[in-house]
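Counting with the working numbering, you get residues 54 to 513 for the letters of the sequence shown. No residue lacks a Cβ here, since even glycine has one placed at the ideal position from N, Cα and C. Every value quoted in this text rests on a predicted model; they were computed, and no experiment measured them.
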Amino acid sequence: MRPLRLYNSFTRTIEDFQPLEAPHVRMYACGPTVYNFAHIGNFRAYIFTDLLQRVLRNFNYKVRFVMQRTDVDDKTIKGAQAEGIPLREFTARYAKAFLEDMAQLNIEPQDDMPNATDHIPQMTGLISQLVEKGNAYPSDDGSVYFRVSSFGPYGCLCGLDFDGLKAGARVSHDEYEKESFGDFVLWKKWVAADGDVAWDSPWGKGRPGWHIECSAMSMHYLGKEIDIHCGGVDLKFPHHENEIAQSEAATGKKFARYWLHNEHLLVDGRKMSKRDGTFFTVRDVLAKGYEGRVLRYALLANVQYRQNLNFTWQVMDAAKATVQRIDEWRKRFAGNPLADKPADEAGRGFIETFYNTLAEDLDMPGAIGHLHNYITETNKLMDSGHFPEGIGAVWTKINAILGLKEPELSIPNEVQDLLDQRGAARKAKDFKLSDELRKAIETHGFKVKDTAKGQELLRS
Numbered sequence: 054m055r056p057l058r059l060y061n062s063f064t065r066t067i068e069d070f071q072p073l074e075a076p077h078v079r080m081y082a083c084g085p086t087v088y089n090f091a092h093i094g095n096f097r098a099y100i101f102t103d104l105l106q107r108v109l110r111n112f113n114y115k116v117r118f119v120m121q122r123t124d125v126d127d128k129t130i131k132g133a134q135a136e137g138i139p140l141r142e143f144t145a146r147y148a149k150a151f152l153e154d155m156a157q158l159n160i161e162p163q164d165d166m167p168n169a170t171d172h173i174p175q176m177t178g179l180i181s182q183l184v185e186k187g188n189a190y191p192s193d194d195g196s197v198y199f200r201v202s203s204f205g206p207y208g209c210l211c212g213l214d215f216d217g218l219k220a221g222a223r224v225s226h227d228e229y230e231k232e233s234f235g236d237f238v239l240w241k242k243w244v245a246a247d248g249d250v251a252w253d254s255p256w257g258k259g260r261p262g263w264h265i266e267c268s269a270m271s272m273h274y275l276g277k278e279i280d281i282h283c284g285g286v287d288l289k290f291p292h293h294e295n296e297i298a299q300s301e302a303a304t305g306k307k308f309a310r311y312w313l314h315n316e317h318l319l320v321d322g323r324k325m326s327k328r329d330g331t332f333f334t335v336r337d338v339l340a341k342g343y344e345g346r347v348l349r350y351a352l353l354a355n356v357q358y359r360q361n362l363n364f365t366w367q368v369m370d371a372a373k374a375t376v377q378r379i380d381e382w383r384k385r386f387a388g389n390p391l392a393d394k395p396a397d398e399a400g401r402g403f404i405e406t407f408y409n410t411l412a413e414d415l416d417m418p419g420a421i422g423h424l425h426n427y428i429t430e431t432n433k434l435m436d437s438g439h440f441p442e443g444i445g446a447v448w449t450k451i452n453a454i455l456g457l458k459e460p461e462l463s464i465p466n467e468v469q470d471l472l473d474q475r476g477a478a479r480k481a482k483d484f485k486l487s488d489e490l491r492k493a494i495e496t497h498g499f500k501v502k503d504t505a506k507g508q509e510l511l512r513s
């Protein structure tokens, strides 16, 4: 396989990927704020990070991937208060929903997914370092701010001129007092609107600002220097810019070697809008009858991650048809003992081409194009009576990246009854009856595969 090359938002170039301590890769992504169900635009980012970690692991890197959860901010506090329940109970509901949605899309779990509220000591410790170094200051109101003027490279990620920003008033104000317009909050003093949400700190009761969460948790789990920091392009400024400033000011080390950002998801060519009826969660899409794997394919395969993705129901229908084509192709070799042999020469060549295409900045659409060419060619071979040896092994290698789950089975009651009877027959060692029940199941368009875990029902 070719060496992996990735577009680094920091240098604005595609670079050979060279982690600090190969083959180990330390990777961090900003996770959800758990105050509501995440929308499909959020999940475009999480599908992207899933693709990235799958590619890294299949390129033989040993990845440690951390993605945090923001479970304290204005939105989570207001949501908990509106329902009259504790903050942790409120956020736990949406944290659980987020994991359920991740599972629907077959997004591989992160190695660590820490909550912000479980890491307040790490945050106050980092803020204290910045205050001691003169990079941060407590204000008269009891909040603590990062002094942007103390960090010379501020704006390096986005190519921004801080003096121009200040003059042009393009940095949003925090709700608290500060020395200079561009300074950002690290610790927010408790106010009555926060209710009982507060932690002790050297500066009095309060809660962390958003930006400090990611720096503190990234350092806690991955160390002072990481290989990859990724997220949506909307986080580049100010969030990621501020992460760089506070992290590098505290440690004197380069915070992240590679910054990767996915572009926006649009709906019908426009930004998602609840008012226009174009705001969709994963659950909204599933409720329309689409499988999670179809949504995964639509978010993953249509455009490269650095291009805007336009979501429409026509796109979903096309994704559904494509996934069905893949299913039909797979049915043709399912259960054939030749399928799981080592890949033949054509299969090996296709795998190499697929991975080499991905090696150039995760070109998933290009790789998918090669997959469909392979499907066409192997269908022709099977039509002519020639079975491509190792075709199942090829699919396993490709699907390690694509991540399509098995199709959801709608099992008729009569088939389930036959399956249960067969399970009982096997347990009683009545193998004649078991075989008869297998044949009866097959007349309904299903087949049974016996595994170490029990019976597995598949479409014929």
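Residue i, DSSP secondary structure in three states
i, result
"LYS394", "coil"
"THR144", "helix"
"ALA309", "strand"
"LYS128", "helix"
"TRP256", "coil"
"TYR408", "helix"
"ARG378", "helix"
"GLN175", "helix"
"PRO261", "strand"
"THR496", "coil"
"LEU324", "The question names Leu, but residue 324 in the sequence shown is Lys. Coil at LYS324, not helix or strand."
"PHE386", "helix"
"ARG110", "helix"
"LEU510", "strand"
"MET80", "strand"
"ILE279", "strand"
"VAL238", "strand"
"PRO72", "coil"
"GLY422", "helix"
Alpha-carbon spacing of residue i relative to residue j, whole angstroms
i, j, result
"THR410", "LEU239", "42 angstroms"
"LEU511", "GLU266", "46 angstroms"
"GLN157", "LYS458", "9 angstroms"
"LYS327", "HIS497", "44 angstroms"
"SER196", "HIS264", "14 angstroms"
"ALA98", "SER437", "43 angstroms"
"GLN474", "VAL468", "10 angstroms"
"LYS480", "ARG491", "14 angstroms"
"SER439", "ASN159", "For the record, residue 439 in the displayed sequence is His; it is not Ser. If I take the Cα positions, the gap works out to 33 angstroms."
"PHE290", "CYS211", "7 angstroms"
"ILE180", "VAL119", "21 angstroms"
"LEU434", "ALA396", "15 angstroms"
"ALA340", "ARG346", "14 angstroms"
"VAL224", "GLY257", "The pLDDT assigned to VAL224 is 39, lower than 50, so where the model puts this residue is not dependable, and the model offers no usable value."
"TRP252", "ASP127", "15 angstroms"
"GLN71", "ALA478", "57 angstroms"
"MET270", "VAL376", "38 angstroms"
"HIS425", "TRP448", "12 angstroms"
"CYS83", "ASN389", "44 angstroms"
"VAL320", "GLY330", "10 angstroms"
"ARG401", "GLN163", "30 angstroms"
"MET176", "TYR343", "42 angstroms"
Residues that DSSP places opposite residue i in a beta bridge
i, result
"PRO191", "VAL197"
"ASN363", "LEU319"
"THR11", "Nothing can be reported for residue 11, as the shown portion of the chain is limited to 54 through 513."
"ASP165", "VAL119"
"ALA334", "Reading off the sequence shown, one finds Thr at residue 334, where the question assumed Ala. In DSSP, THR334 forms a bridge with HIS92."
"CYS211", "According to DSSP, CYS211 bridges with nothing at all."
"GLU413", "ARG58"
"VAL501", "LEU510"
Status (buried if at least 16 other CB within 10 Å, exposed otherwise) for residue i
i, result
"ARG517", "Lying before the first or after the last residue shown, residue 517 is absent from the chain, which here runs from 54 to 513."
"SER233", "exposed"
"SER300", "buried"
"MET54", "exposed"
"LYS482", "exposed"
"LYS241", "buried"
"VAL501", "buried"
"ARG200", "buried"
"GLN360", "exposed"
"LEU455", "buried"
"ASP488", "exposed"
"ILE464", "exposed"
"LEU275", "buried"
"THR170", "buried"
"THR64", "exposed"
"TRP366", "exposed"
"LYS22", "This structure gives no information on residue 22, because the portion of the chain shown stretches from 54 to 513."
"PRO76", "exposed"
"ASP280", "buried"
The ligand MG heavy atom lying under 8 angstroms from the CB of residue i
i, result
"ALA302", "Among the ligands in the structure shown, none appear at all, so the ligand MG cannot be discussed."
### Task
At 4 residues or longer, and completely inside the stretch 435-489: list those alpha helix (DSSP H) runs for me, N to C.
Taking only runs of at least 4 residues, the alpha helix (DSSP H) segments lying wholly in the stretch 435-489 are 444-455, 466-480.
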